[in-house]
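Take 387 as the starting number for the sequence shown in the numbering used here and just add one per residue. A quick write-up on the structure given underneath.
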Amino acid sequence: MADTKKIAVIVRDRPAEALRVAGGLTLADDTIEVIVLDHKLDKNNPEIAEPLELVTELELSMFSNNPENGYTTLTLEDMAKKLLEYDIVVPY
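What follows is the structure, given as structure tokens:
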């Protein structure tokens, strides 16, 4: 079996698609973390709420530079350093 990879999914321009991908990547048994960049997620939008619910149920680690999201808050500088920890970074 292959080594477990550490994957970051960056949520920026296409949040609904990014969250769906993050949930789907868990099928490969890798470590998935989600980084929400800049925007506040519209949790009232069903296109975002549904995949966000899945990501939450899967207990994926979530980070954001926008404290309004309610996730672990990181500055852009801290995010840049954190990105070095990942084997794969998937931007959306």
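Even glycine gets a Cβ: it sits at the ideal position worked out from N, Cα and C.
Flag residue i as yes when its Cβ comes closer than 7 Å to any non-hydrogen atom of the ligand MN, and as no otherwise.
i           : result
residue 402 : This structure simply doesn't include the ligand MN, nor any ligand for that matter.
With DSSP as the reference, identify every bridge partner of residue i, one or two as the case may be.
i           : result
residue 394 : 419 and 475
residue 459 : 450
Which residues mark the beginning and the end of the alpha helix (DSSP H) in which residue i is found?
i           : result
residue 367 : What is shown of the chain runs 387 to 478, which leaves residue 367 out entirely.
residue 436 : 432-443
residue 413 : Careful: residue 413 lies outside any alpha helix (DSSP H) and carries neither H nor E.
If we count the other Cβ atoms within 10 Å of its Cβ and call it buried at 16 or more, is residue i buried or exposed?
i           : result
residue 409 : buried
residue 406 : buried
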